[in-house]
Amino acid sequence: MIIGRGEKIFLWVIYIVVTIFSLTILYPFINIIAISLNDGVDALRGGIYLWPRRFSLAAYEQVFSRRGLLNAAGMSIARTMVGTIAGLAFTAVLAYLLSKRDLVFRRGIIFLFVFTMYFSGGMIPDFILIRQLGLMNSFGVYIIPALLGVWNVMIMRQFFEELPQSLKDSARVDGANELTVLLRIVLPISKPVLATIALFIAVWQWNAWYDTFIYTSGARLSTLQNELVRILTEQQALVMAAPGGDMRDLAERAQRATPQTIQMATIVITTIPIVLIYPFLQKYFVKGIMVGAVKE
Amino acid sequence: MSMTLRRKIFFNRVKKQKFHLLALLPFLAYLFIFRYYPMYGVTIAFRNFSFRRGIMGSEWVGLRYFEMFFRSPSFNRVMVNTLAMSTLSLIFVTTLSITLAIMICEMRNLIYKRVIQTISYLPHFISWVVVAGMAMTLFSIDGGPINNVLMALGLTDSPVHFLDASMIWGTITGLNVWKSIGWGSIIYIASITSIDQGLYEAAIIDGAGKFKQIRYITLPSILPTIVILLIFNLGYILNAGFEQQFFLRNPRNFQRIEVIDTYIFRYGLQMAMYSYAAAVGLVKSVVGLILVIFANMFSRRVLKMGLF
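Sequence order for the protein chains is A and B.
Numbering-wise (our numbering), the first sequence opens with residue 682 and increments by one.
Numbering-wise (our numbering), the second sequence opens with residue 1022 and increments by one.
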C-alpha cells in the first residue's frame, strides 16, 4: 500500500503516543522494583527513579523472614488454587446446564441469574448472611461466596452454545449421559474459555482483600494483599504522626529495611505471579471478552 | 391446541429433562441463598436491626433511616463526590479506551502491536492495594519521582499535593484511567476489526484522509458497542469504587474522597449501624437499577438498540 505524507505523520504520532502510554504503565513498576532493592534508610531521601541508588536486599530478607508474611503467602496460594478449581467447576457445570436450548423455563432461569448483575442486597445484607451462615473466620468464606460469577457463567454459556450441536447429539446417541457429554466432549474442546475463566477467577482470588478484612480476624487466614494493606496503612499512620523521625528509628531496628522498602518488596512479590501468567493466556481472554461482548 | 395437550407436551419435556433440572436445583438454591436472600435481608433498612433479634424479629421503623440519610449533612457531600468521580472516570475511561483502540488498530508492526497490547492489560490484573501503594510512592511530596521531575522541569516551585482534597478527584480519575483503558480497549478493538474493510477502501478512493475515515466510518460503526457499554455502566454510576478511596483516604482529603460505598462501609461495618447503612445501600441499588432501565428504554426508542 502506498502511504502519503500525511498518513506517515499520522502513523508516527500514533507510534509515539502508544509508546509513551506503555511507558506510563511500566514506569511505576520499575520505580517500585528500584526502591524495593534500595537501602531503606537511603530510600527515605527520595529521588530514586530507574535503579537503586544503594543496592540492598534487606527488604526482601525482612519479608521472607517475617513469619506472618510467609503464612499470608501460603494462604494466598491456597485460596487461589482451591478457589479457582472450585469456581471453575461450578461455572462450567452451571454454564453447561444453562446452554441447553430447549430447557424448560430457560429464559426465566437465565433472567434470575442475570438480574443479580443489576440489583443486589449490598454490603450489609451480605455481611449479615455470612455471619448467619457461620462462615466468619473460616477458610470457606474465601471459596463459597465467590463460587458464582454471573458474568463468567454467561461467557462460558455462550461458548458452549456455539459448539456444534451435532457433536453433543452424536455422543448421546451412543448412550452417553449428560455428565459424560460434558466431561468427554464439551470440556476438552473448550480449553480457550476454560483458561479465560480460570484466569479471571484466579486473579480475583489472588487480589481479594475485602473478605479477609471484613470476615476474618487474626493472622491465621491473613493473605498477602491483607498484609500489604496493613503495611500500607501502618506506614501512612507513621508518616502522619511524625514525618521522618520515627521511620528512621524503625529503620535502624529493622536493619536497613524500612516500612517503605518492605512495602515495595511485598508489592513486587504479590505482582510477580500475575505478570508471569497473564501474557501467556492473552489470546484466550481477549477472545473470551469478545464472546461475552457480542451478545447480552 | 387444547390446554390439556399443551400441558401434556410441557410435562413430557420436564420428564425428559428430569436429570438436567435436578442438576440445576443446587445452583438455584445457591443463587437464592447468596444473591436473593441478601435482597430480602436489605429490608433491615426499614427495621431497627440487631443480630440478636434477627431480621424478622427487629422492630419495623419505616422510612426513618432513609430520612436520616437524606437529611444528614453528609448526604450532599457523599453524593457529589460519588457522582464526580464516577462521571469523570466514565467519560475519560470511555473516550481514552476508544482512542487507544483506534490507535492500536492503526499500528502496522504486528509484533510491536502485540507488545503494546500486552502491556496495556497489565494494570487490570493488579490489585488496588498495589496501585494505591504505587500512587503514594510516585506522588509523594518528599522526593517522589513525579514531583521531583515536575520541579526539575520548572513546572512547579513546590511539590504538588496530588493526594490532597483539591486534587484527589483528578488523581483517582487518573488512576482509574491508568488501570482500565487497556482492558477497556479490547472490546472496541474487536468492534473495529469487524468493520468491513471495503468501506475504508471506498473512502480512500473518495480521497478521505485518516481523520475523515475515523470520523465517518470507524466511530459510526462502533457506536452500538459504545452505547451498550454506556447503558451498562450507567447502572454503576453510583459505584465510584471502594478500594481506591479506602486506601488513599487521609485526614487531608477526607471531605472529597468519601463515596457512597466507603460511607456504607464506615457506618455499617465499622460503627455497626447496620440498618442505616443498609438503607443507604438500598438507595444506591435502586437508583442503579432505575438508571439502567431508563437508559435502556431511551436507547431502544431513540437509537433502536439496547442491552435487553
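Here a beta-carbon is modelled for each residue, glycine too, at the ideal position from N, C-alpha and C.
query, result
"At a Cβ threshold of 8 Å, is B:Val1101 touching chain A?", "no"
"Contact between the stretch 889-898 of chain A and the stretch 820-829 of chain A is defined here as three or more beta-carbon pairs at a separation below 8 Å; is this criterion met?", "yes"
"Taking the alpha-carbon positions, what's the A:Leu905 to B:Met1155 distance?", "16 Å"
"With 8 Å as the limit, tell me which residues of the stretch 1029-1048 of chain B have their beta carbon closer than that to any beta carbon of chain A; keep them in chain order.", "Phe1031, Arg1034, Val1035, Gln1038, Phe1040, His1041, Leu1042, Ala1044, Leu1045, Phe1048"
"In chain B, which residues lie less than 9 Å from A:Tyr959 when you measure between Cβ atoms?", "Thr1139, Tyr1142, Leu1143, His1145, Phe1146"
"Who does B:Glu1080 pair with in a DSSP beta bridge?", "B:Asn1069"
"Which stretch, first to last residue, makes up the alpha helix (DSSP H) that contains B:Leu1196?", "1189-1214"
"Pick helix, strand or coil for A:Phe820, following the three-state DSSP scheme.", "coil"
"Determine the DSSP secondary structure at A:Phe670, reduced to helix, strand or coil.", "Because chain A in this structure spans residues 682 to 977, residue 670 of chain A falls outside the shown range and cannot be described."
"If distances are taken between C-alpha atoms only, which option among A:Val949, A:Arg901, A:Arg726 comes closest to A:Arg760?", "A:Arg901"
"CB A:Tyr959 to CB A:Val867, shorter than 8 Å?", "no"
"How would you label B:Ala1298, buried or exposed, when you count the other beta carbons within 10 angstroms and need 16 or more for buried?", "buried"
"Near B:Trp1081, which residues of its chain fall below 7 Å by C-beta distance, leaving aside the five closest residues on each side in sequence?", "Phe1067, Arg1068"
"Name the residue from B:Ile1189, B:Ser1201, B:Ile1123, B:Ser1110 whose alpha carbon lies nearest to the alpha carbon of B:Ile1140.", "B:Ser1201"
"Would you say A:Leu793 faces chain B, with C-beta separation under 8 Å as the test?", "yes"
"Residues in the stretch 1221-1250 of chain B with C-beta within 7 Å of chain A's C-beta atoms, listed in sequence order?", "Gly1230, Lys1231"
"Taking Cβ-Cβ distances shorter than 9 Å, what residues in chain B pair up with A:Asp807?", "Phe1055, Pro1059, Gly1062"
"Given that B:Leu1184 touches chain A, what residues does it touch there, using C-beta distances under 8 Å?", "Those within 8 Å of B:Leu1184 in chain A number zero; the least Cβ separation is about 10 Å."
"Applying a beta-carbon distance threshold of less than 7 Å, which residues of chain A neighbour B:Phe1286?", "Met804"
"I need the straight-line Cα distance from A:Ala740 to A:Ser717, nearest angstrom please.", "6 Å"
"For B:Ile1193, which residues in the same chain have their Cβ closer than 6 Å to its Cβ, ignoring the five residues on either side in sequence?", "Met1106, Gln1265"
"In whole angstroms, give me the CA-to-CA distance for B:Gly1228 and A:Ile695.", "21 Å"
"For chain C, find out if any of its Cβ atoms is closer than 8 Å to the Cβ of B:Pro1166; answer yes or no.", "The structure shown contains no chain C; the protein chains it does contain are A and B."
"Are at least three pairs of beta-carbons, each pair with one atom in the stretch 1131-1146 of chain B and one in the stretch 1157-1164 of chain B, less than 8 Å apart?", "no"
"Within this structure, are the beta carbons of B:Pro1059 and A:Pro806 separated by less than 8 Å?", "yes"
"Specify whether the stretch 1201-1214 of chain B and the stretch 1142-1154 of chain B touch according to this definition: at least 3 beta carbon pairs, one from each stretch, less than 8 Å apart.", "yes"
"Please classify A:Asn858 as buried or exposed, where buried requires at least 16 other C-beta atoms within 10 Å of its C-beta.", "exposed"
"Looking at the unbroken alpha helix (DSSP H) that takes in B:Thr1158, where does it start and where does it end?", "1149-1159"
"What in chain A is Cβ-close to B:Phe1160, meaning under 9 Å?", "Those within 9 Å of B:Phe1160 in chain A number zero; the least Cβ separation is about 10 Å."
"Let's test the definition: count the other Cβ atoms within 10 Å of the Cβ of A:Tyr896 and tell me whether it reaches 16, buried, or not, exposed.", "buried"
"Which runs of the alpha helix (DSSP H) at least 4 residues long sit entirely within the stretch 818-852 of chain A? Give them in chain order.", "821-824, 831-843"
"With a threshold of 16 other CB atoms inside 10 Å of the CB of B:Lys1305, please say whether the residue is buried or exposed.", "buried"
"For A:Asn712, does the three-state DSSP call read helix, strand or coil?", "helix"
"Does DSSP put B:Asn1274 in a helix, a strand or coil?", "coil"
"So if DSSP puts A:Asn719 in a beta bridge, which residue, or which two residues, is it bridged to?", "A:Phe736"
"Could you give the first and the last residue of the continuous alpha helix (DSSP H) run that contains A:Thr772?", "748-779"
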